[in-house]
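**Q** Residue numbers (my numbering), protein chains in the order written: chain A, 1 to 396; chain B, 397 to 792. Even glycine gets a Cβ: it sits at the ideal position worked out from N, Cα and C. This structure is a prediction, so every number in the text was calculated from the model and none was measured. Questions regarding the structure given below will be posed in turn.
Number of protein chains: 2
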Amino acid sequence: MRRINLKKANVARADTIRYINRQIVLNYVREKEPISRAEISHETALQRSTVSLIVDELKTQGLIYEIEGESTGGRPPSLLRLRAGGFMAIGADVGTAQTTVAVADLVGRVVDREVFDTYPDVTATYRRLLSIIQRFIKTHANIEGIGVCVPGLVDPETGTALFIPHFKWRNWPLTSELHQATGLSVTTDNDANAAALAELWLGRPEIRDVRDFILVLVEEGLGTGIIFDGQVYQGVAGAAGEFGHMTIGKGAPASCAAGSEQCWEAFASERAALARYRMRRSGTSDPDLSFRRLMDNALAKDNAAKEALLETAHYLGLGISNLTKGLSPEAVILAGDIARVWPLISDELRSTLAENTICSGLPSTPVFASTLGDDTRLMGALSLVLARKFASVVPA
Amino acid sequence: MRRINLKKANVARADTIRYINRQIVLNYVREKEPISRAEISHETALQRSTVSLIVDELKTQGLIYEIEGESTGGRPPSLLRLRAGGFMAIGADVGTAQTTVAVADLVGRVVDREVFDTYPDVTATYRRLLSIIQRFIKTHANIEGIGVCVPGLVDPETGTALFIPHFKWRNWPLTSELHQATGLSVTTDNDANAAALAELWLGRPEIRDVRDFILVLVEEGLGTGIIFDGQVYQGVAGAAGEFGHMTIGKGAPASCAAGSEQCWEAFASERAALARYRMRRSGTSDPDLSFRRLMDNALAKDNAAKEALLETAHYLGLGISNLTKGLSPEAVILAGDIARVWPLISDELRSTLAENTICSGLPSTPVFASTLGDDTRLMGALSLVLARKFASVVPA
DNA sequence: AATTTTTATTTTGCTTTCTGAATTGTCGCC
DNA sequence: GGCGACAATTCAGAAAGCAAAATAAAAATT
């Protein structure tokens, strides 16, 4: 029951009805392929003739194709499948350490990729990014659009990266620059939002069918992406998801990107875990110790590393419990490199969460690790393009 | 860009297009009355002929009527207005102290009301509630539906009140009981959600045009209602909005409904303020001291009462800052009896909020007191019915 | 082997609804 | 009194879905 937004009210045109139904049929093929026209008609309650007409349209647009089906006692159905390779997307994950650019098809299969170390200089990073994208556009056919995710604040209206704390970049008009340079449609979003979108569109089946969930992205800092009713919650100026700066206690082991020692991020992030690890083995001060090393050590049964992870997991659970109380999502997903040591930390995280949710008397929210692995953010960037193709209810 | 929900995908029928446009036109009349057909046509980009047909339909349904307009150099327009009295709604606010039942028109003007002290016994309360509702149905024409709000957890699917902490009522199938007894459509929701809906549909103009905001309802406990994209965020089992149980620190002056002393509610609620007041004047221990008295004393320049309110306001601001960081709403509204002393506490609340949002570098979120006064919750109950009339995009 | 049943898809006539252009209505101003 | 400006209505045409009948193809039955 959504209040109609008169400022951008989309009145229904004669062809709106067809476009809506077309999108519904397309999504049925995407999610339940292989599926017959008859089955789609049955599930949607659209007339069989209508489904046939829509299927014809999707076929001529090259979005789906037919294969032969087995009869179950009558005329054999012709089953429909998504033609994944018909349209391609470029995704770019601009990370604090590395930037990954990839070409993938409609179902998220990467067919080409290139990685480089992100330059501390915006212009240098942008030049390198653009040259790779331009090469991909030349060497691959059917590229429909570009999705980019960055570790910072993005204005959802303009696609400008307002602030990227790690590099202190401000007001980087990424979307308009890339659009002007390539002529393709470009979508830019925060990395946590993009990662959440990736789980929604490409994640494990348990998640794909969930319409309200929270993704917690642990990196140097801590970001959250909120999916509400199958949609990314952006908030004013795209600033939603900054739960990392939620006040959660005092005396954190690290400080957040803005210098506070009370933020959730200061208690639960790679930076926090590293600080804990360093405190535990003050003898060997290794300034270049990376979080990857910390995880490797923990997996190799280094107790200090393990404890640093567990304490971090505890605070992750504490913060997550605050979110689940207030937002009551169907699930919470943990993403970021830390997902690799999920078996080590899951018990601690879940028990903290359980302890802190008794208040409301409801069963505690299930928490999963992301299954998209190292590529969660990249898949997120790609999903920014996919979502347009499948979710839009207004013709382009 | 919302992912299509195949489980309840509503395919577009031939008349869907008309229904959508009808709702858009109806909402234009509601929000911009008096307005001419031509103006609606201009703003929606619907053909003038189409608007005329839709207006005819709305007129015969008794939802709008025409008045004469002034010419601006041509044929004078016939202006359209909402016929508020054409349809009526019953709203019931079941509170911890009192229950208010009222009949109101489509714009929220109350034409009849009755109040009684809520009985600690569910059945007694239900009987009294039902008898008033039945009397209203007999004495008023055109009653379309019933909206009820309760201070507790409500299952949004079934409308069952799962748990009402104050009375320890559990699993009260209010919606189905009232529907069976009256035959009318009944909608039940949590009081904070309903209050948020009231602000969305009937609140001050600054809020009515905002599509993402949070309402903080201060009562004995603390509830939050989240409006996202012009829609109430329910969460699993309607448990969203329980931010009151968010961990915010240690050693609260009171304990929350579930006994914890770390919840936001334990720091910022009527109960917390009363506890602070009692501590400050330990001499006079008045067991029946009410929050209303506390407010009256504060307004009468009783310093202990004032300080108790200010400290409560401080923690309100602290908790609100956590929410604004994560959800980045366009505004926050404070509701509940405490709104009456808004001038006393607004400075403290706003400065705490400002101090605690520097982290993200964004301007701090505006906070308002509810303008619906004592009736916020009642208006919320009524809005549950109104929203159906104006927001639904699927014919009943 | 012929017939019936089952299931799948296509065809055809009808209805709803929007669009666009033309028409009618009403006023102020020259 | 004629003209331009603005408002509302009328009507033919196009798009899309619905319902029911027609066509198609395989499995089950006789």
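Output yes or no for whether 8 Å exceeds the beta carbon distance between I622/B and A592/B.
**A** In contact: I622/B and A592/B (Cβ atoms closer than 8 Å).
**Q** Drop a sphere of 10 angstroms on the beta-carbon of Q494/B, count the other beta-carbons inside from all chains shown, and report buried for 16 or more, exposed for fewer.
**A** Exposed: under 16 other Cβ atoms inside 10 Å.
**Q** When you compare only the Cα positions, how much space is there between A305/A and R280/A?
**A** Using only the alpha carbons, I get a separation of about 8 Å.
**Q** When you compare the CB of E638/B with every CB in chain A, is at least one pair closer than 8 Å?
**A** Yes, because at least one Cβ of chain A sits closer than 8 Å to the Cβ of E638/B.
**Q** State buried or exposed for N567/B, treating a residue as buried only when at least 16 other CB atoms are found within 10 Å of its CB.
**A** N567/B comes out exposed.
**Q** Assuming contact is defined by CB atoms lying nearer than 8 Å, are I486/B and E510/B in contact in what I supplied?
**A** Not in contact: I486/B and E510/B (Cβ atoms no closer than 8 Å).
**Q** Quick one: which chain A residues come within Cβ less than 9 Å of E427/B?
**A** Residues of chain A passing the Cβ test: L6.
**Q** Could you pull the start and end residues of the alpha helix (DSSP H) that D105/A belongs to?
**A** Note, D105/A: premise wrong, no alpha helix (DSSP H); beta strand (DSSP E) at 98-105.
**Q** Name the two residues that bound the continuous beta strand (DSSP E) containing D93/A.
**A** Unbroken beta strand (DSSP E) run through D93/A: 88-94.
**Q** Would you say the beta carbon of T44/A is closer than 7 Å to some non-hydrogen atom of the ligand PLP?
**A** The model depicted lacks the ligand PLP and carries no ligand whatsoever.
**Q** Interface residues of chain B around I143/A at Cβ under 9 Å?
**A** None at all; the shortest Cβ gap to chain B is about 20 Å.
**Q** Give me the Cα-Cα distance between E70/A and L80/A, rounded to the nearest whole angstrom.
**A** Going from the Cα of E70/A to the Cα of L80/A covers about 13 Å.
**Q** Write down every uninterrupted run of the beta strand (DSSP E) in the segment 569-628 of chain B whose length is 3 residues or greater and which is fully enclosed by it, in chain order.
**A** Qualifying beta strand (DSSP E) stretches, in chain order: 581-586, 609-614, 618-624.
**Q** What whole-angstrom Cβ distance do F368/A and L26/A have, given they're in contact under 8 Å?
**A** The pair is not a contact, with the Cβ atoms about 28 Å apart (cut-off 8 Å).
**Q** List the whole-angstrom C-beta distance separating E638/B from S364/A, where the pair is believed to meet the contact cut-off of C-beta under 8 Å.
**A** Not quite, the Cβ-Cβ distance comes to about 13 Å (not below 8 Å), so this is no contact.
**Q** So, does the CB of Y424/B fall closer than 8 Å to a CB anywhere in chain A?
**A** So yes, Y424/B belongs to the interface.
**Q** Would you mind telling me which residues of chain B sit closer than 8 Å to V11/A, beta carbon to beta carbon, in chain order?
**A** Those are I416, N417, I420, T440, A441, L442, listed as they occur along chain B.
**Q** Could you please give me the residues that DSSP links to F764/B through a beta bridge?
**A** Note: F764/B sits in a beta bridge opposite I729/B.
**Q** Using 8 Å as the limit for Cβ to Cβ distance, is R776/B near chain A?
**A** Note that residue 776/B is Gly in the sequence shown here, rather than Arg. Taking Cβ atoms only, chain A never reaches closer than 8 Å to G776/B, which makes this a no.
**Q** Hey, A557/B and T514/B: beta-carbon distance below 8 Å or not?
**A** No, the pair does not count as a contact, with Cβ atoms beyond the cut-off.
**Q** If I measure Cβ to Cβ from T376/A and keep anything under 7 Å in the same chain, skipping five residues before and after, which residues do I get?
**A** Result list for T376/A: A195, A198, A335, S370, in chain order.
**Q** The alpha helix (DSSP H) spanning L478/B covers which residue range?
**A** That residue, L478/B, is in no alpha helix (DSSP H); its beta strand (DSSP E) goes 474-478.
**Q** Can the beta-carbon of L745/B be found less than 8 Å from the beta-carbon of A704/B?
**A** No, these two residues do not count as a Cβ contact at 8 Å.
**Q** By the 10 Å Cβ neighbour count, where 16 or more other Cβ atoms means buried, how is G303/A classified, buried or exposed?
**A** The sequence shown places Asn at residue 303/A, not Gly. Answer is exposed; the Cβ neighbour count stays below 16.
**Q** With DSSP as the reference, label F167/A as helix, strand or coil.
**A** Three-state result, F167/A: coil.
**Q** Considering only DSSP beta bridges, list what L153/A is partnered with.
**A** In the DSSP output, where bridge partners are listed per residue, L153/A has F163/A.
**Q** At a Cβ threshold of 8 Å, is N752/B touching chain A?
**A** Taking Cβ atoms only, chain A reaches closer than 8 Å to N752/B, which makes this a yes.
**Q** Could you check which residue in S747/B, C545/B, T578/B has the C-alpha nearest to that of L526/B?
**A** Comparing Cα positions, the closest option is T578/B.
**Q** By alpha-carbon positions, which one of V94/A, V107/A, P76/A ends up nearest to M88/A?
**A** Per the Cα distances, V107/A.
**Q** Between P725/B and chain A, is there a C-beta pair that is closer than 8 Å?
**A** It does; some Cβ of chain A falls within 8 Å.
**Q** Can you name, in chain order, every residue of its own chain whose Cβ lies under 7 Å from the Cβ of A588/B, other than the five neighbours on each side?
**A** Around A588/B: L611, L613, G619, T620, G621, G637.
**Q** Please report how far the alpha carbon of K428/B lies from the alpha carbon of D508/B, in whole angstroms.
**A** For K428/B and D508/B, the distance between alpha carbons rounds to 27 Å.
**Q** Does any C-beta atom of chain B lie closer than 8 Å to the C-beta of F246/A?
**A** Note that residue 246/A is Met in the sequence shown, not Phe. Answer yes: the Cβ-Cβ gap between M246/A and chain B drops below 8 Å somewhere.
**Q** The beta strand (DSSP E) spanning R509/B covers which residue range?
**A** That run of the beta strand (DSSP E) goes 506-513.
**Q** Mind checking if S392/A is an interface residue toward chain B, Cβ cutoff 8 Å exclusive?
**A** For S392/A, the answer is yes, since a Cβ of chain B falls inside 8 Å of its Cβ.
**Q** Should P343/A go down as buried or exposed, given a rule of 16 or more other Cβ atoms within 10 Å for buried?
**A** Under this definition P343/A is an exposed residue.
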